[in-house]
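Undergrad: One structure is given below, represented as structure tokens, and several questions about it will come after.
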Amino acid sequence: MPTIPFPAPEPQMRKALVIDDHPLFCDALSMTLRTFVGIAEVETADRLSVALDRIDSGLRPDVILLDLNLPDVDGMDGLVQLRQATKPVPILVVSSLADARVISAALRAGADGFIPKHSPREMFRAAFEALAAGRRYIPESYVLPEDSGAPASPQEDAVARLSLLTRQQTRILQLICEGRLNKQIAYDLSIAETTVKAHVTAIMRKLGVQSRTQAVLLAKQASFASLLPENTNPA
Numbered sequence: 002m003p004t005i006p007f008p009a010p011e012p013q014m015r016k017a018l019v020i021d022d023h024p025l026f027c028d029a030l031s032m033t034l035r036t037f038v039g040i041a042e043v044e045t046a047d048r049l050s051v052a053l054d055r056i057d058s059g060l061r062p063d064v065i066l067l068d069l070n071l072p073d074v075d076g077m078d079g080l081v082q083l084r085q086a087t088k089p090v091p092i093l094v095v096s097s098l099a100d101a102r103v104i105s106a107a108l109r110a111g112a113d114g115f116i117p118k119h120s121p122r123e124m125f126r127a128a129f130e131a132l133a134a135g136r137r138y139i140p141e142s143y144v145l146p147e148d149s150g151a152p153a154s155p156q157e158d159a160v161a162r163l164s165l166l167t168r169q170q171t172r173i174l175q176l177i178c179e180g181r182l183n184k185q186i187a188y189d190l191s192i193a194e195t196t197v198k199a200h201v202t203a204i205m206r207k208l209g210v211q212s213r214t215q216a217v218l219l220a221k222q223a224s225f226a227s228l229l230p231e232n233t234n235p236a
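So, in structure tokens, the structure goes:
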């Protein structure tokens, strides 16, 4: 006897943006969203920079699905940038990195939900129903720490501090991590060098550090290598 699929719910979310660099997974996820969740329109981007450019150009998705492991970002940095650029839009992280520490860090960095990759489609339905109702979604097997208001590790503390930066400050910190000087940053971003200096001062104040070197070290604490258990390959 053929299996009769459950009817897709009438979603409040009609347009989704999927950010993932694996074309086959993007295709499969897009099909799931359209046929099983009821999303009418699905846009895809294979880089965070591509997604941010589209958002800057006027793309207004109702929900964003983000893979954490992208070619142009490291660790939670991409999620932090995306959260800053799209504050009212729910962000659902869909990642193969489903360690409890990664999930916790993602939630602290601004994710509204988390689904491990290759989860059954029923989990996607449940996640979208939760987001549409204004609730956060996490896998049933994941239990939030009792003291969920305080970072549980230095890595999560680093993510929490980075989330305080504005989008422009995050871009400047990225360039600092690449070894750029203030003059070079000013040229790259087409702003005055005095403006860069003011941003750097604000960055160090928000991060609670005293030097550019300390800021770079704190940013590196939010990388996958520091969040994952030892001997785990983030790829």
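Note that my numbering gives residue 110 to position 109 of the sequence shown, counting from 1, and the numbers run on in steps of one. Every residue, glycine too, gets a C-beta built ideally from N, C-alpha and C.
Taking the C-alpha atoms as reference points, what is the distance between F125 and R172?
TA: On the sequence shown, residue 125 is found 124 positions in, with the first residue counted as 1. On the sequence shown, residue 172 is found 171 positions in, with the first residue counted as 1. Distance between the alpha carbons of F125 and R172: 32 angstroms.
Undergrad: For P8, I'd like the list of residues in its chain whose CB is within less than 8 angstroms of its CB, leaving aside the five on either flank, ordered along the chain.
TA: Here residue 8 corresponds to residue number 7 of the sequence shown, with the count starting at 1. Its pLDDT being 46, under 50, P8 is placed unreliably by the model, and the measurement read from it follows with that caveat. Cβ within range, chain order: n/a, list empty.
Undergrad: May I ask you to verify whether the region 80-87 touches the region 128-141, counting CB pairs closer than 8 angstroms and requiring at least 3?
TA: No, they do not touch.
Undergrad: Comparing alpha-carbon positions, which option in L108, L49, D47, S31 lies nearest D158?
TA: Residue numbering aside, residue 158 sits at position 157 when the sequence shown is read from its first letter. Selected option, being the one with the closest Cα: L108.
Undergrad: Taking only the alpha-carbon atoms, compute the straight-line gap between A99 and P117 and give it to the nearest angstrom.
TA: Along the sequence shown, read from residue 1 onward, the residue named residue 99 stands at position 98. Along the sequence shown, read from residue 1 onward, the residue named residue 117 stands at position 116. Roughly 6 angstroms separates the two Cα atoms.
Undergrad: Mapping the DSSP letters down to three states, classify T45 as helix, strand or coil.
TA: Your numbering for residue 45 matches position 44 in the sequence shown. In the structure shown, T45 sits in a strand (DSSP, three-state: E or B).
Undergrad: Just curious, the beta strand (DSSP E) that L218 is in, first and last residue?
TA: Here the question's residue 218 lines up with position 217 in the sequence shown. That residue, L218, is in no beta strand (DSSP E); its alpha helix (DSSP H) goes 213-222.
Undergrad: With I92 as the anchor, note down where its beta strand (DSSP E) starts and where it stops.
TA: Along the sequence shown, one-based indexing puts residue 92 at 91. Taken as a continuous stretch (DSSP letters only), the beta strand (DSSP E) holding I92 covers 92-96.
Undergrad: Taking Cβ to Cβ, would you say L18 is nearer than 7 angstroms to E42?
TA: Within the sequence shown, numbered from 1, the residue matching residue 18 stands at position 17. Within the sequence shown, numbered from 1, the residue matching residue 42 stands at position 41. No, these two residues do not count as a Cβ contact at 7 angstroms.
Undergrad: Can you confirm whether the region 209-217 touches the region 174-192 when touching is taken to mean that 3 or more C-beta pairs between the two stretches lie within less than 8 angstroms?
TA: These segments touch.
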